[in-house]
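> The letter at position 54 of the sequence shown is residue 77 when you use the numbering used here, and the numbering goes up by one with no holes.
Have a look at this one before I ask anything.
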Amino acid sequence: MHESKSMTKDPVCGMAVDEATALHTEREGKTFYFCCDHCRQKFLSMPLGATTKGKSEGCCG
Ligand SMILES: [Zn+2]
24 MHESKSMTKD
34 PVCGMAVDEA
44 TALHTEREGK
54 TFYFCCDHCR
64 QKFLSMPLGA
74 TTKGKSEGCC
84 G
């Protein structure tokens, strides 16, 4: 079992995602990673600062 991958968190649903393979987008000079395009689209539709402040809706599990 290798744990050398760079894992991060989907800011929309809180799911752990792998930076190497996850969908991502840049905003405000940072890169955010998502478990699926649904989360990415949702993130892009949110106002800045709203991420992770609401309750997690768990789009995909
Ligand atoms: Zn997600």
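Note that CB positions come from ideal geometry on N, CA and C, so glycine has one too.
Counting only the same chain and skipping the five closest in sequence on each side, list residues whose C-beta sits under 8 Å from that of Ala43.
Residue 43 sits at position 20 when you count from the first residue of the sequence shown. Result list for Ala43: Lys28 and Ser29, in chain order.
> Could you compute how far the alpha carbon of Cys58 sits from the alpha carbon of Asp33?
Counting from one through the sequence shown, the residue named residue 58 turns up at place 35. Counting from one through the sequence shown, the residue named residue 33 turns up at place 10. Answer to the nearest angstrom: the Cα atoms are 6 Å apart.
> Is the beta carbon of Asp60 sitting closer than 9 Å to the one on Leu71?
Taking the sequence shown and counting its residues from 1, one reaches residue 60 at position 37. Taking the sequence shown and counting its residues from 1, one reaches residue 71 at position 48. No, the pair does not count as a contact, with Cβ atoms beyond the cut-off.
> Check whether the Cβ atoms of Cys94 and Val35 lie closer than 9 Å to each other.
What is shown of the chain runs 24 to 84, which leaves residue 94 out entirely.
> Kindly indicate which three-state DSSP category Leu71 falls into: helix, strand or coil?
Taking the first residue of the sequence shown as position 1, residue 71 is located at position 48. In this structure, Leu71 counts as coil in the three-state DSSP scheme.
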